[in-house]
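Undergrad: Pasting in a structure now, in C-alpha cells, and then I'll have a few things to ask.
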Amino acid sequence: MRLLMSAIASLTLVTPVLAQTLEAERTIVSTVVAEHDRHIALLERMVNQNSGTLNADGVRATAEIVRAELEPLGFDVRWIDMSQTGRAGHLVATHDGSGKNVLLIGHLDTVFEPDSPFQTFVRDGSRATGPGVGDDKGGVVVIIAALRAMQAAGTLEGSNITVFLTGDEERPGAPLEVARWDLIEAGRAADYALEFENLATENGAEFGTIARRSSSSWTLTTGGRTGHSSGVFNDTLGYGAIYEMARILDTFRRELPEPNLTYNVGVIAGGTPAGIDAHGFRVEASGKTNIVAETAIARGDLRTLTPEQDARVRARMTGIVTQNLPRTRAELVFADDGYPPMAPTAGNIALLGRLNQVNRDLGLSEMAPFDPARRGAADSGFVAADVDTLGGLGVAGGGAHAEGEWADLDSLVRQAQRAAVLIGRLSLGD
Ligand SMILES: [Zn+2]
C-alpha cells in the first residue's frame, strides 16, 4: 500500500486517468479491510454447510450461498446440473462488460463427506480450522471479497468476469470429458484465468503458482505361462508374470527419471491367480512357491509438468512394457480420468509479473514462482492449455484434505486486495 499511497499523495504528478485508477485501487484496499469480519462470517457459514463431493444437496446448498453473494453484484448466476456424471453440478456466474474476459476458478466441494467427524468452523484469532476452510471455501470467499471491493471502487462495472466453481474438484464425475466440458469451454473463451486454490507459502514467504503437475493413473497387468517352478526360465514356461512385472517396474525406476516427473506404484499383486477390484484399490492373489505366476497387477500414478512431457513419458513407459521377457505379455492402460498439467508457460510467467506489479503497488512482497513439483493438480489444468493461467490465489493455510485443515484469515485480506486490483487491471487495463 506504501507505493499506492505515495502515488496518491502526489496526484498532481499523474494523469487524470491514472489518478482515477489509483483512487479506485485505494478504495479496493480499504473495502476489503472494512469487510473482513463480514467475510469471516461468510466463510464460517460456508464451512458449516457440508459439501462433500458426493453430498449433492450440500454442494447445491453451498452454491446457493454463493449465488446470494454474486447476484446482488450484477452477476448472471446459473447452475449446470451434472447428475449424468454422478455429481451435483457447477456454478457459473458471468458479469458482462466490454473488458477482457477474466475467468475465476474455484470449487464448492470438499473431501469431507457428511460421515466425517470434521464438520465445523472453529476460529482462534487469525487462524480458522474447518472442512474446506482453505480448500477451497477460503478461495471462494477471496473471490467474493474481491468482487465486492471492485464494485465499491467502480471497477466491477465494465469488467468482463466469469466465475466457474466446480462441484466435483476433489472427486471428479465420470466421464471426465463431460464433467469438465463447460470449464474447458470457459477457458477457451477467456483472456486470462485465475485459480483460487490455496496460496503457496513457505517459511512465511508467499509464492505464485505458474505451474501445476498433472495427475493420472495407470494399471499394468502382466501374464505368463504357469507350471511347475522347476521349469521357470526354460523355453516352455518362460519367466512368469511376476518376473515380467518386476522387469517393467525396475526399468521404469532406472530409465525414466527426469526433472518434474514422478511415477509411484501404489498397489501390486501377483500369483496364480491374481486380481483387482473394480475400483482398483483392493488386490487379491494366491500362489505357491513352486508354481510360476500366471498374473500380476500393479496400479500407480504419473505426474508431469507439461503436456509434451506427459505424452513422451507415456510413450516411453509403453515402449518398456512391450519388451517382454520370454513367454510373458504385458498391458499398460492409462485411466482417462486424469488431471492435465498446467505448464509454466511464458504467458503464465507474465501473469505472475502482473501480480507482482500489483504487489509492488500495494506495498506487498513480490512472489517468486513456487516449485511446481510440490503443487498438486487442480482444475486450472483443464484450462491452462488454452489460456494464460495463474493459480494459488486463495487463502494461505495447511492440512488440506485432512482433519485439522486450517486457514490464515489475515491472508484473506491480502489475497482479496491483490485479486481485486489484478482482475480490474486485466479486464479493463492495458
Ligand atoms: Zn481444492
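Using the working numbering, you'd call the opening residue of the sequence shown number 551 and step up by one each time. We put the beta carbon where it would ideally sit given N, CA and C, even for glycine.
Exposed or buried, which one is SER915 when buried takes at least 16 other CB atoms within 10 Å?
TA: By 1-based counting over the sequence shown, the position of residue 915 is 365. By the neighbour-count rule (16 or more Cβ atoms within 10 Å), SER915 is not buried but exposed.
Undergrad: Please confirm if the region 804–812 is in contact with the region 735–748, defined as three or more CB-CB distances below 8 Å between the two stretches.
TA: With a cut-off of 8 Å, the region 735–748 and the region 804–812 do not count as touching, because too few Cβ pairs lie within range.
Undergrad: Specify the secondary structure class of VAL963 as computed by DSSP and reduced to three states.
TA: Position 413 of the sequence shown, counted from the start, is the residue given in the question as residue 963. Helix.
Undergrad: Looking only at its chain, what residues have a beta carbon closer than 6 Å to the beta carbon of ASP936, apart from the 5 residues adjacent to it on each side?
TA: Numbered from 1 along the sequence shown, position 386 holds the residue referred to as residue 936. Correct list, in chain order: GLY737, ARG738.
Undergrad: For GLY689, name the three-state secondary structure that DSSP assigns.
TA: Translated into the one-based positions of the sequence shown, residue 689 becomes position 139. Looking at GLY689 - three-state DSSP - the assignment turns out to be helix.
Undergrad: Would DSSP call ASN874 helix, strand or coil?
TA: The residue given as residue 874 occupies position 324 in the sequence shown. ASN874 falls in the coil class under three-state DSSP.
Undergrad: What whole-angstrom Cβ distance do ILE734 and VAL933 have, given they're in contact under 8 Å?
TA: Here residue 734 refers to the residue found at position 184 of the sequence shown. Here residue 933 refers to the residue found at position 383 of the sequence shown. Sure, about 7 Å apart at Cβ, within 8 Å.
Undergrad: Specify, as a first and last residue, the run of the alpha helix (DSSP H) that ASP911 falls within.
TA: Sequence index remark: in the sequence shown, residue 911 carries index 361 (1-based). First-last of the alpha helix (DSSP H) with ASP911: 896–911.
Undergrad: Looking at ligand 1, does it come within less than 7 Å of GLU747, judged from the CB to the closest heavy atom?
TA: By one-based count along the sequence shown, residue 747 stands at place 197. It does: the Cβ of GLU747 is within 7 Å (strictly closer) of some heavy atom of ligand 1.
Undergrad: Restricting to Cα atoms, I'd like to know which of PHE920, SER633, VAL871 is closest to ASN753.
TA: Along the sequence shown, read from residue 1 onward, the residue named residue 753 stands at position 203. Minimum Cα distance to ASN753 is reached at PHE920.
Undergrad: In chain order, what residues of the same chain lie with their CB nearer than 6 Å to the CB of ILE983, ignoring the 5 residues before and after it?
TA: Residue 983 is absent from the model: the chain starts at 551 and stops at 980.
Undergrad: Name, in chain order, the residues that DSSP records as bridge partners for THR751.
TA: Looking up residue 751 in the sequence shown gives position 201. DSSP lists GLU756 as partners of THR751.
Undergrad: Specify the secondary structure class of ASN598 as computed by DSSP and reduced to three states.
TA: Against the sequence shown, residue 598 aligns to sequence position 48. Here ASN598 sits in helix by DSSP.
Undergrad: Helix, strand or coil, according to DSSP, for ILE558 in the structure here?
TA: Locating residue 558 in the sequence shown gives position 8, counting from the first residue. Low per-residue confidence applies at ILE558: pLDDT is 48, beneath 50, and the placement is therefore not dependable, though the value from the model is reported in the following sentence. In this structure, ILE558 counts as helix in the three-state DSSP scheme.
Undergrad: Check whether the region 833–845 touches the region 787–800, counting contact only when three or more Cβ pairs, one atom from each stretch, lie closer than 8 Å.
TA: Yes: at least three Cβ pairs fall under 8 Å.
Undergrad: Given that a residue counts as buried once 16 or more other Cβ atoms are within 10 Å of its Cβ, and exposed if not, what is ALA848?
TA: Residue mapping note: residue 848 aligns to position 298 of the sequence shown, counting from 1. It counts as buried.
Undergrad: Count the other CB atoms, across all protein chains shown, that sit within 10 Å of the CB of ASP598; report buried if there are 16 or more and exposed otherwise.
TA: What you label residue 598 is simply residue 48 of the sequence shown in a count that begins at 1. Here residue 598 is Asn; the residue named in the question, Asp, does not match the sequence. By the neighbour-count rule (16 or more Cβ atoms within 10 Å), ASN598 is not buried but exposed.
Undergrad: Considering only the beta carbon of each residue, do HIS645 and GLY624 sit closer than 8 Å?
TA: Position 95 of the sequence shown holds residue 645. Position 74 of the sequence shown holds residue 624. Yes, Cβ-Cβ distance for HIS645 and GLY624 is below 8 Å.
Undergrad: Look at the alpha carbon of ARG621 and the alpha carbon of GLY954, and state the distance between them as a whole number of angstroms.
TA: The count along the sequence shown starts at 1 and reaches residue 621 at position 71. The count along the sequence shown starts at 1 and reaches residue 954 at position 404. Note that residue 621 is Glu in the sequence shown, not Arg. Approximately 33 Å, taken between the alpha carbons.
Undergrad: Per the contact definition of three or more C-beta pairs closer than 8 Å, is the region 886–893 in contact with the region 795–804?
TA: No, they do not touch.
Undergrad: Compute the Euclidean distance between the alpha carbons of ASN710 and ASP958, then round it to the nearest angstrom.
TA: Your numbering for residue 710 matches position 160 in the sequence shown. Your numbering for residue 958 matches position 408 in the sequence shown. Cα to Cα, the separation comes out at about 30 Å.
Undergrad: Please give the ranges of any alpha helix (DSSP H) in the region 774–858, keeping only runs that are unbroken, at least 4 residues long and fully inside the region.
TA: Qualifying alpha helix (DSSP H) stretches, in chain order: 790–805.
Undergrad: Rank GLY948, PHE831, ARG904 by C-alpha distance to the C-alpha of SER977 and give the top, closest one.
TA: In the sequence shown, counting from the first residue as 1, residue 977 sits at position 427. Nearest option by C-alpha distance: ARG904.
Undergrad: How is SER767 classed by DSSP in three states: helix, strand or coil?
TA: Locating residue 767 in the sequence shown gives position 217, counting from the first residue. Strand, per DSSP.
Undergrad: Within its chain, find whatever has a CB closer than 7 Å to the CB of GLY931; leave out the 5 residues flanking it on each side and keep chain order.
TA: By 1-based counting over the sequence shown, the position of residue 931 is 381. Cβ within range, chain order: ARG762, SER764, TYR889, PRO890, PRO891, MET892.
Undergrad: Here's the rule I'm using: 16 or more other beta-carbon atoms within 10 Å means buried, otherwise exposed. How should HIS951 be labelled?
TA: The sequence position of residue 951 within the sequence shown is 401, counting from 1. So HIS951 ends up on the exposed side.
Undergrad: Does the region 580–599 come close enough to the region 686–698 to have 3 or more Cβ pairs within less than 8 Å?
TA: Yes, since at least three Cβ pairs between the region 580–599 and the region 686–698 fall closer than 8 Å, the two stretches touch.
Undergrad: Between the region 966–977 and the region 767–781, can you find at least three pairs of beta-carbon atoms closer than 8 Å?
TA: No, the region 767–781 does not touch the region 966–977.
Undergrad: Taking its Cβ as the centre, do 16 or more other Cβ atoms sit within 10 Å of THR716, making it buried, or is it exposed?
TA: Mapped onto the sequence shown, residue 716 falls at position 166. Looking at its Cβ environment, which holds 16 or more other Cβ atoms inside 10 Å, THR716 is buried.
Undergrad: Candidates ALA880, ARG853, GLU707, GLY944: which alpha carbon is nearest ARG924's?
TA: Residue mapping note: residue 924 aligns to position 374 of the sequence shown, counting from 1. Ranking the options by Cα distance to ARG924, first place goes to ARG853.
Undergrad: Cα-Cα, which of GLU881, THR612, THR856, VAL713 is closest to MET596?
TA: What you label residue 596 is simply residue 46 of the sequence shown in a count that begins at 1. Measuring from the Cα of MET596, the nearest candidate turns out to be THR612.
Undergrad: Under 7 Å: does the beta carbon of HIS640 sit that close to some heavy atom of ligand 1?
TA: Looking up residue 640 in the sequence shown gives position 90. No, the Cβ of HIS640 stays beyond 7 Å of every heavy atom of ligand 1.
Undergrad: Once you ignore the five residues that flank THR670 on each side, which residues in its own chain have a CB closer than 7 Å to its CB?
TA: By one-based count along the sequence shown, residue 670 stands at place 120. The residues are ASN598, GLY680.
Undergrad: Compute the Euclidean distance between the alpha carbons of ASN600 and GLY944, then round it to the nearest angstrom.
TA: Counting from 1 along the sequence shown, the entry for residue 600 is found at position 50. Counting from 1 along the sequence shown, the entry for residue 944 is found at position 394. Each residue's alpha carbon lies about 19 Å from the other.
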